[in-house]
Amino acid sequence: MKKSIFCLSSFLFLLAFTLFLISGCSKSEDSETADGTAAETAGKETVSAAVGETAGPVKPAELDKAVEAHIQKIQAENQEIANAEAPQQMTYFFIRALQMENEEAVLGMLTQDAYREMKRLQGETGQKGIPCPDFIKTSEVMLGNVQYLSDENDEEKIVGAHVGTIWKVPSENGFLEENIAWVFRFEEETWLIAGMLSIVDPKYPPILINFENMEDTEEQAKLWQEEVERIDAGIVSPEDAAEAPAEENAPAEETAAENAETAEGTETAEGTETANGPKAEIPGELPGELPGALSDELPAELPAEL
Numbered sequence: 001m002k003k004s005i006f007c008l009s010s011f012l013f014l015l016a017f018t019l020f021l022i023s024g025c026s027k028s029e030d031s032e033t034a035d036g037t038a039a040e041t042a043g044k045e046t047v048s049a050a051v052g053e054t055a056g057p058v059k060p061a062e063l064d065k066a067v068e069a070h071i072q073k074i075q076a077e078n079q080e081i082a083n084a085e086a087p088q089q090m091t092y093f094f095i096r097a098l099q100m101e102n103e104e105a106v107l108g109m110l111t112q113d114a115y116r117e118m119k120r121l122q123g124e125t126g127q128k129g130i131p132c133p134d135f136i137k138t139s140e141v142m143l144g145n146v147q148y149l150s151d152e153n154d155e156e157k158i159v160g161a162h163v164g165t166i167w168k169v170p171s172e173n174g175f176l177e178e179n180i181a182w183v184f185r186f187e188e189e190t191w192l193i194a195g196m197l198s199i200v201d202p203k204y205p206p207i208l209i210n211f212e213n214m215e216d217t218e219e220q221a222k223l224w225q226e227e228v229e230r231i232d233a234g235i236v237s238p239e240d241a242a243e244a245p246a247e248e249n250a251p252a253e254e255t256a257a258e259n260a261e262t263a264e265g266t267e268t269a270e271g272t273e274t275a276n277g278p279k280a281e282i283p284g285e286l287p288g289e290l291p292g293a294l295s296d297e298l299p300a301e302l303p304a305e306l
């Protein structure tokens with residue numbers, strides 16, 4: 001049941017992150033000063049366009065300054081991050097901003113649509129600040145590969161990227177290892193966060209937390225939970241049931257040969273794939289609205305402890 005445990009932990013990790021972003025509590029009730037009241041009023045400046053318009057709050061220039069100051073501080077802490085690719089650097093800066101509860105830097109590193117969505121949610125929940133739960137602060141994080149996405153009408157134009165991260169999350173039994181990919185758009189001449197995704201089960205599409213549409217994410221969370229409970233209970237899906245007869249009716253000699261081949265490994269152009277398969281990569285398909293295809297070539301993994 002190792003597989004089902006992985007699925008369940010991945011779901012809980014992503015769901016916890018979603019709830020953290022949607023409904024985090026305020027840092028302190030004692031901060032309800034005149035300034036705090038003004039901040040709350042500003043936080044409730046959500047999408048208030050007239051009927052037929054799609055405009056919403058635009059990120060103020062002050063956020064760009066906050067991001068710049070945050071980046072300079074983090075670069076001073078870890079000079080090696082300068083050797084990483086730009087999307088990897090922004091992933092590192094974003095996670096550090098979360099850990100440091102730097103609201104201005106976090107909001108400043110979101111896409112314009114994600115910023116509008118977060119301001120809407122802050123207005124609805126009355127949230128002030130971006131409190132960081134313990135599992136974010138205490139997890140060990142390693143940066144992984146970058147996969148760039150091209151415009152569907154112009155392969156030479158890069159419009160987005162996925163950046164892999166491996167999280168070692170403390171648990172009662174030690175650590176749970178979670179593979180999370182961060183979704184970026186190349187917007188306003190920089191790399192900005194649009195969401196995050198992970199594979200719950202290789203047979204199913206990656207699950208996406210779309211920072212640009214959190215209402216859709218909440219709906220998906222319900223479906224994810226149903227799917228995880230099905231996997232954890234060992235219930236066979238229709239797809240698995242359709243494949244089962246062919247496997248069960250296979251001749252004994254074929255089954256034995258396949259088992260032997262699996263045990264020894266299968267030779268491929270890239271080497272030998274063992275019974276456990278090749279190392280998992282960031283999914284090749286991106287749910288949501290970000291267009292483009294993944295690059296065939298990936299750089300080597302870049303370890304970077306946070």
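Just so we're aligned: 219 in our numbering is position 219 of the sequence shown, and the numbers increase by one with no gaps anywhere. Glycine included, each C-beta is placed from N, C-alpha and C at the ideal position.
Residue i beta carbon near the ligand MN (any heavy atom closer than 7 angstroms)
i     : result
Pro60 : The model on display carries no ligand, and the ligand MN is accordingly not part of it.
Close beta carbons around residue i, own chain, < 8 angstroms, minus the five adjacent residues each side
i      : result
Thr165 : Thr91, Ile95, Val141, Met142, Leu143, Gly144, Asn179, Ile180, Ala181 and Trp182
Glu156 : Ser150
Asp216 : Asn210
Asp64  : Gly108
Glu188 : Gln112
Gln79  : none
Chain-order list of residues whose beta-carbon lies under 7 angstroms from that of residue i (same chain, five-residue window excluded)
i      : result
Gln89  : Ile81
Tyr115 : Lys59 and Leu107
Glu226 : none
Local conformation of residue i per DSSP, three classes
i      : result
Thr190 : strand
Pro87  : helix
Phe135 : helix
Leu298 : Confidence in Leu298 is poor, its pLDDT being 37 and thus under 50, which makes the residue's placement unreliable; the coordinate value appears in the next sentence. Three-state result, Leu298: coil.
Phe17  : helix
Ile235 : coil
Val58  : coil
Phe94  : helix
Glu178 : strand
Lys65  : helix
Glu152 : coil
Glu218 : helix
Glu212 : coil
Glu172 : coil
Lys73  : helix
Gly52  : Any answer about Gly52 is weak, because its pLDDT of 36 lies below 50 and its placement is not dependable; what the coordinates show is given next. Residue state, collapsed to three classes: coil.
Glu270 : Caution is warranted here: a pLDDT of 42 is assigned to Glu270, below 50, making its placement in the model unreliable, and the coordinate value is therefore given only provisionally. Glu270: coil per DSSP, three-state reduction.
Integer-rounded CB distance, given that residue j should sit under 8 angstroms from residue i
i      : j      : result
Ile136 : Leu98  : 6 angstroms
Ala105 : Ala66  : 5 angstroms
Ser139 : Val169 : 5 angstroms
Thr111 : Ala194 : 5 angstroms
Pro57  : Lys128 : About 16 angstroms; that fails the 8 angstroms criterion.
Val163 : Val146 : 5 angstroms
Met214 : Glu62  : Not really, about 24 angstroms apart at Cβ, beyond 8 angstroms.
Glu101 : Cys132 : 5 angstroms
Asp113 : Glu212 : 4 angstroms
Neighbourhood of residue i by C-beta distance below 6 angstroms, restricted to the same chain and skipping five residues each side
i      : result
Thr255 : With a pLDDT of only 49 at Thr255, under 50, the local geometry of the prediction cannot be trusted, and the value read off the model is given with reservation. There are no such residues.
Phe93  : Ile71 and Ile74
Thr190 : none
Phe17  : none
Arg185 : Thr111, Gly160, Leu192 and Ala194
Pro324 : Residue 324 lies beyond the stretch modelled for the chain, which goes from 1 to 306, so this question has no answer here.
Asp154 : none
For the stretch 169-186 against the stretch 70-78, do three or more pairs of beta-carbon atoms, one drawn from each stretch, fall closer than 8 angstroms, so that the two count as touching?
Flag = no, the stretch 169-186 and the stretch 70-78 do not touch.
As an exercise, report each continuous alpha helix (DSSP H) stretch of at least 4 residues that is fully enclosed by the stretch 99-125, in chain order.
Whole alpha helix (DSSP H) segments, 4+ residues: 103-108 and 112-125.
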